[in-house]
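Here the structure is laid out as structure tokens; the discussion comes afterwards.
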Amino acid sequence: MKFTTLLAAALLPAGLMAAPVVEEMSDITPRTDAASDSSELFQRGSQVCEIVGDAIRVNCRAGPGTKYRVEATLNKGTRWEFHCVRSGQCVTIDGFRNW
Numbered sequence: 003m004k005f006t007t008l009l010a011a012a013l014l015p016a017g018l019m020a021a022p023v024v025e026e027m028s029d030i031t032p033r034t035d036a037a038s039d040s041s042e043l044f045q046r047g048s049q050v051c052e053i054v055g056d057a058i059r060v061n062c063r064a065g066p067g068t069k070y071r072v073e074a075t076l077n078k079g080t081r082w083e084f085h086c087v088r089s090g091q092c093v094t095i096d097g098f099r100n101w
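Numbering (our numbering), first residue to last: 3 to 101.
Structure follows, in structure tokens:
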């Protein structure tokens, strides 16, 4: 037998024994604190933010882009309450629907 064949044959079982084995995790319990009432799923948080940046005013548009119509204009330094706003989410603020 060639030395390399013998070496490979000897190292193969050692490599298999060194491979990690996934152990069953029996100490994990499923979450049971899910919302019992569906209205809890849709509660929205609110946060007051100050309009900042280089511009004197910013436009809140009807959609996510400058091609959409301007629904409201806010001056720099204005404090405005936003409700659960995140990128791409459609929201209504004081009757104005915005993205």
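No residue lacks a Cβ here, since even glycine has one placed at the ideal position from N, Cα and C.
Extent of the continuous beta strand (DSSP E) to which residue i belongs
{"i": "residue 59", "result": "59–63"}
{"i": "residue 75", "result": "72–77"}
C-alpha gap between residue i and residue j, whole angstroms
{"i": "residue 5", "j": "residue 14", "result": "14 Å"}
{"i": "residue 63", "j": "residue 70", "result": "6 Å"}
{"i": "residue 78", "j": "residue 55", "result": "7 Å"}
{"i": "residue 9", "j": "residue 16", "result": "11 Å"}
{"i": "residue 51", "j": "residue 74", "result": "16 Å"}
{"i": "residue 61", "j": "residue 80", "result": "12 Å"}
{"i": "residue 66", "j": "residue 76", "result": "17 Å"}
Within 8 Å, strictly: CB atoms of residue i and residue j
{"i": "residue 53", "j": "residue 82", "result": "yes"}
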